[in-house]
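Student: Sharing a structure here in structure tokens format.
Protein chains: 2
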Amino acid sequence: MKSQEPRSSSSCAACKFLKRRCTPNCQFAPYFRSDEPKKFAKVHKVFGASNVSKILNEVPEEHREDAVNSLVFEAEVRLQDPVYGCIGAIASLQHKMVELQHDLFLARSRLACFLDHPTLPLDHFAPFHYP
Amino acid sequence: MKSQEPRSSSSCAACKFLKRRCTPNCQFAPYFRSDEPKKFAKVHKVFGASNVSKILNEVPEEHREDAVNSLVFEAEVRLQDPVYGCIGAIASLQHKMVELQHDLFLARSRLACFLDHPTLPLDHFAPFHYP
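If you want it as structure tokens, here you go:
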């Protein structure tokens, strides 16, 4: 019966998406406002409502908003990059870190060389590329 | 009937986990060998079999192994850190990158200062901390 499936504007985005009654103690309501339908659709598509619910149950209440935000971000990245998801972002950051560590090592080595041999001619320290 | 639920040793880890017949064209079999039960259990717990199946369907066959590996990694990280998952790793890498960029800027600025004013006394360039 229609009356058992309310579609009030106060239903959270998750209950609207799942087409179910949004109760006062709805687990999703604090994190998926009725005006954020895409937010729940994304986590539902990647993790599924049941798994999101299980993760929220495992997490203390004060960390649930962070958990939802990280799940939404992770879902967005996976939807953009179905093959690598967040692992693509992690690999890219690790690659950039290795480059930065190499550049830092080079700059510090040259600086150390300067400090140890201040009388050497300047061209001894070339090539040096400024950022 | 028992005969309809085979438990042959050739069933893939996914079909064993889901207690279903593993057919020759099983979508999971190439990526979840029968001797890797935990690999499927992890992605099942975080993403669910249905969502893993959907993601594999979206991805060209030559990228499916990478997709499975990234899903397994992402699931492992989420199980270890239910609040932040991979986002925790990304945030930590970004923080380290900002520190490295700062250190590199500092080292290059000091080196540039040296190159511009080679006659200045050495203590002008202190403090400098080697890595």
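Line by line, the protein sequences give chains A and B.
Quick note on numbering: the working numbering labels position 67 of the first sequence as 67, and the sequence is numbered without any gaps.
Positions in the second sequence are counted from 1; adding 1000 to them yields the working numbering.
We put the CB at the ideal spot given by N, CA and C, even for glycine.
Since the structure is predicted, the reported quantities are computational estimates derived from the model, not experimental observations.
1) Looking at chain B, which residues of the region 80-110 of chain A have a Cβ within less than 8 Å of any of its Cβ atoms?
2) Smallest Cα separation from residue 39 of chain A: which of A:73, A:62, A:26?
3) Can you grab the Cα-Cα spacing for the pair residue 106 of chain A / residue 1091 of chain B, in whole Å?
4) When you compare the CB of residue 1063 of chain B with every CB in chain A, is at least one pair closer than 8 Å?
5) Taking only the alpha-carbon atoms, compute the straight-line gap between residue 33 of chain A and residue 1113 of chain B and give it to the nearest angstrom.
6) At least one CB of chain A closer than 8 Å to the CB of residue 1066 of chain B: is that the case?
7) Is residue 1053 of chain B close to chain A? Criterion is C-beta to C-beta, closer than 8 Å.
8) Measure from the C-beta of residue 1074 of chain B to each C-beta in chain A and report whether the shortest distance is under 8 Å.
9) Using DSSP with H/G/I as helix, E/B as strand and the rest coil, what is residue 19 of chain A?
10) Whose C-beta lies closer than 8 Å to the C-beta of residue 55 of chain A among residues of the same chain, with five residues either side of it excluded?
11) Under a CB-based cut-off of 8 Å, is residue 43 of chain A close to chain B?
12) By how many angstroms is the C-alpha of residue 1101 of chain B removed from the C-alpha of residue 1076 of chain B?
13) Out of B:1030, B:1036, B:1082, which one is the CA nearest neighbour of residue 1013 of chain B?
14) Residue 18 of chain A: which of A:30, A:103, A:117, A:49 sits nearest, CA to CA?
15) Could you name the residues of chain E that residue 1040 of chain B contacts, counting a contact when the two beta carbons are closer than 7 Å?
16) Are any of the Cβ atoms in chain B nearer than 8 Å to that of residue 32 of chain A?
17) Here's a check: name, in chain order, each residue in its chain whose Cβ is nearer than 7 Å to the Cβ of residue 1081 of chain B, leaving out the five neighbours to either side.
18) Express the C-alpha separation of residue 15 of chain A and residue 63 of chain A in angstroms, rounding to a whole number.
19) Of all Cβ atoms in chain A, is any one closer than 8 Å to the Cβ of residue 1028 of chain B?
20) Secondary structure at residue 86 of chain A, three-state DSSP: helix, strand or coil?
21) So, with DSSP's three-state summary, where would you put residue 1035 of chain B?
22) Measure from the alpha carbon of residue 1044 of chain B to the alpha carbon of each residue in B:1078, B:1021, B:1060, then state which is nearest.
23) Can residue 103 of chain A and residue 1104 of chain B be called in contact, C-beta distance under 8 Å?
Tutor: On the basis of the supplied data:
1) 82, 83, 84, 85, 86, 87, 88, 89, 90, 93, 94, 96, 97, 100, 101, 103, 104, 105, 107, 108, 110
2) A:73
3) 26 Å
4) yes
5) 54 Å
6) yes
7) no
8) yes
9) coil
10) 47, 67, 71
11) no
12) 30 Å
13) B:1036
14) A:49
15) Going by chain labels, chain E is absent from the structure shown, which instead holds the protein chains A and B.
16) no
17) 1088
18) 21 Å
19) no
20) helix
21) coil
22) B:1078
23) yes
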